[in-house]
Structure formats: C-alpha cells, structure tokens
Amino acid sequence: MKWIGQHVYDLIARFRSDVYLEGISTSTETDMLVVDSNNKVSKRAIDAITVDVSDFMTNGSDNRVVTATGTDAMNAERYLTFQNTGNVSTLSLISDQDAGDLFSIATTTHGATTLTTTDDDATAAHFEIDANGDIILDSAGQIKLEPVAGNNILLDGTIAVDAGVVTGATSITSTAFVGALTGQADTVATIAGLAPNTATTQATQAAITTCSNLVTVGTIGTGVWEGTAIATNQQKHLATFDIRGYSTADGTNYEIPVNVTDNQAPFEHNISAGSDGLTALSVGNLLRATGCVMPYAGTLKKWKGWSTHSTTSGTVNIALFRYRPDPTSASTVSLVLLDAVAHTPAGNNTVIDIEETSFTDADVAEGDIVISGIKGSATQVTYFVSTLEVEWD
21 MKWIGQHVYD LIARFRSDVY LEGISTSTET DMLVVDSNNK VSKRAIDAIT VDVSDFMTNG
81 SDNRVVTATG TDAMNAERYL TFQNTGNVST LSLISDQDAG DLFSIATTTH GATTLTTTDD
141 DATAAHFEID ANGDIILDSA GQIKLEPVAG NNILLDGTIA VDAGVVTGAT SITSTAFVGA
201 LTGQADTVAT IAGLAPNTAT TQATQAAITT CSNLVTVGTI GTGVWEGTAI ATNQQKHLAT
261 FDIRGYSTAD GTNYEIPVNV TDNQAPFEHN ISAGSDGLTA LSVGNLLRAT GCVMPYAGTL
321 KKWKGWSTHS TTSGTVNIAL FRYRPDPTSA STVSLVLLDA VAHTPAGNNT VIDIEETSFT
381 DADVAEGDIV ISGIKGSATQ VTYFVSTLEV EWD
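The sequence shown begins at 21 in the numbering used here and counts up by one.
Given below as structure tokens:
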C-alpha cells in the first residue's frame, strides 16, 4: 500500500485520523487550504478572505482614532478624530458635552501648524497653557500677539528684555506701551511700529530715550512721576459751579435772581433784564443777584441739568449770562449771553434735560460773574437745577 498515492487519480480518499504531510517545499502560490462544512479540503485565494473588524472593535466610524481596550479589543474613540483634507492633516479632541466644541491641531505645507479652539454656540473656548515649569517660545521669526480690536494684552509681573526689564502690572494697548522699557533696541523699534536696525528707527529710538518727540502715550494707569515739573500753563483743571433757581414768568422778559436782601434769594428770579436779557442794569442789581464768580480765566465746557414747568404749553428759555465788573465805572451794564436753552413745558411731573457742550460765548475772564435768567409765558412757573463745568486756561 505504500504506492497507492502514485496510482490513484480520480478516486475520493477519506482519512479517519490525522493527516501528515512531510517534505513540504516553499511555494509562491497565493492560495491556501480550507475545510468546508462537509470537511472537504479545497483551496481559496488569500485575498478573498475577509475580516469583520466589528468582532474586535467597537464604535467604528469614519475618522475616529482607534485605541486598545485590552489585549485583543479596540475602540474607535468618539471624541478623538483624525482627517486629511487636501494638504491639511487635522487631529481633533472633541468635548463630550457638545460635539461642536473642540480643540484641533492642523498641519499643512512646510509643517505650518495651527492650534484652534472652537465653541460653536459662544466665544468661551478659552485657551490656557498651565505649565509645571517654563514656557519657552523659540521662534525663527517674529512672535505676534494679535487680540481682536478693542482688547488689551495684559502682562502681570516682571518682563525681562535682555539687559532691561519692565516691572509691575502692565497693559499694552494698540496705541501705547505703558511702563519703563530698556534693553534690546529692536524690541523698542517693534513697539514703536518701525522696522529694526534702520536709520529711521535709530532716530526714533533716540527721540523716545530723551522724550523729545513723544506725542501720544495712550492711557497711563499707574506710575510715579520722576521728571521735570510740568509747567503751570500746560496743566488743565476743571471746576464745577452749582446754578439753580425758579421763576413765575411775566410773559415777556428774562428775569435774573432777586436781590440778596429778599428772603427768596438767591433762587427766585424776579428782576427783569429785557426780552433778550441784555437790557442795561444797575451795578447794584447785578451784584446783588449773587451769581458764580470765576476765580480764573477759562472756557465753558459743559452745562448739565434738569428743569420742570407748571404747564404743558408755550416755550421757556433758561439762559446763562456774564457780568464783567469794572471798579472804575458807575454806569449801568448790559449782560453778555453765554448760552440759552429753549424748552417746551411738559408739566410738573416731567423733567426736561439741559445738556450743552457748545456755547454762544464760551470764554470767561478772571472775576466774571455768571448769572442765570429765565423767560417764559405769562404765569408760567419754572424750576431748574444744573451744574456748569469750566476748564481753566
């Protein structure tokens, strides 16, 4: 029976126990032996064999990154994806609270890489680097800080710039650099908005060093002045004056405050100054009206206040006049109109705004007296309160 394998060609052979093949040689064939459900041995191409990945991987879906969940199982991560689109490869870490909130790392030509945070419902995708050690920005080019217009770059602590430092809590805005900066010249040039190492830059740096060409510095929050005292004529000071009163109008004329001897002074306005307020009055009436005396020469900047009226008809005018005393003259004097507002009355329970920043005559001299006047329809009762702001020259 040793020769049976050489002479049996078309018969079916069945073996009831193990089959051993000896002397098997190496082959380049791409088929393999398989056994079907009837235990019949046949061959099949290797590339026809399929594998059902779901047998050992869960949550399979496009672009998900696969991680091991044991020695023989995998999971396609729902919140970690990788995708290549065009020439951009993007790795994304997705929030488990909102699939539209994510952090991504995208790399494209030349290795240019962008880190992006996304909040699809708001702008709360903040980015924080919490390093248990140094943070080093080692750039072959510029390091740019580009907040959205209107926002500041806030630096809290000490900033070292080569040999120099900026100390304290410092705010850098789009128009100013607040603090004392010394050290690398290129850094000063960059802050000044100039290209480094040019003739223009060097000239500007010299001007910055001596402060001979400093025009705009923005807003200085804190600091100690250690320079030459600022000249008095370069200092601007504001002062405010309280001006208020009431009147029962005669229907024709402006009325200024009654003489100070009256028990309704200085608020009741009952001395007629003519229909335009410019009728010449005696020095006695003008001085006894007890207006506001200007301690310095200056400019009217703002008149702010409120008025209320007894009726809802007609027109009420409230005005500010200027009286410039002259110790050498006993003649009557005409007032000078500084400004006037016209109001349509709206009744006792409704206030009307006084808001003036542009004046008929805004100049006052040292010693000028500002006097208020009221004109309205006959028997019209008016009350007003206001503040006058003056900037001294």
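Glycine included, each C-beta is placed from N, C-alpha and C at the ideal position.
In chain order, what residues of the same chain lie with their CB nearer than 8 Å to the CB of residue i, ignoring the 5 residues before and after it?
i: M314; result: V384, A385, E386, G387, D388, I389, V390 and V410
i: P167; result: I173
i: L115; result: Before going further, note that residue 115 is Ser rather than Leu in the sequence given. Counting only Cβ-Cβ distances below 8 Å, and skipping sequence neighbours, we find Y99, D121 and L122.
i: H289; result: G265, Y266, S267, E275, I276, P277, V278, S392, G393 and I394
i: A93; result: F76, M77 and T78
Taking the alpha-carbon of residue i as reference, which of the options has the nearest alpha-carbon?
i: L41; options: I32, T48 and L53; result: L53
i: F404; options: G153, D373 and G43; result: D373
i: S333; options: G325, V244 and N368; result: N368
i: R344; options: H363, V361, G311 and A360; result: G311
i: V361; options: S392, T352 and P347; result: S392
i: A145; options: G153, G120 and L165; result: G120
i: F287; options: Y274, D359 and R264; result: R264
i: D381; options: V371, V356, T370 and K395; result: V356
i: S327; options: I66, V371 and D296; result: V371
i: D139; options: S47, D118 and N83; result: D118
i: N305; options: S354, N273 and A251; result: S354
Leaving out five residues on either side along the sequence, give the residues of the same chain with a beta carbon under 7 Å from the beta carbon of residue i.
i: G271; result: S397 and A398
i: S349; result: none
i: T268; result: T399 and V401
i: S57; result: none
i: F147; result: T137
i: S62; result: V54 and D56
i: S330; result: N368, Q400 and V401
May I ask you to list the residues that DSSP assigns as paired with residue i?
i: N337; result: A362 and K395
i: C277; result: It should be pointed out that residue 277 corresponds to Pro in this sequence rather than to Cys. P277 is bridged to H289.
i: H257; result: W412
i: G265; result: F404
i: K322; result: E409
i: L122; result: I114 and T138
Pull up the CB-CB distance for residue i and residue j, whole angstroms please, since I reckon it's below 8 Å.
i: V278; j: I291; result: 6 Å
i: N95; j: T87; result: 6 Å
i: D51; j: R36; result: Wrong, their Cβ atoms sit about 26 Å apart, outside the cutoff.
i: S406; j: G325; result: 3 Å
i: I155; j: I149; result: 6 Å
For residue i, which residues of its own chain have a beta-carbon under 6 Å away from its beta-carbon, when the five flanking residues on both sides are left out?
i: W412; result: H257, Y316 and G318
i: A259; result: V410
i: F261; result: C312 and L408
i: T70; result: none
i: K321; result: E409 and E411
i: D359; result: L340, E376, F379 and T380
i: Q103; result: N83 and T110
Requested in this report: Would you check if there are 3 or more beta carbon pairs closer than 8 Å linking the segment 331 to 338 to the segment 298 to 307?
Outcome: Contact fails: fewer than three Cβ-Cβ distances are below 8 Å.
Query raised in the report: Are the segment 125 to 143 and the segment 100 to 112 touching by the rule of at least three beta carbon pairs closer than 8 Å?
Result: Short answer: they touch.
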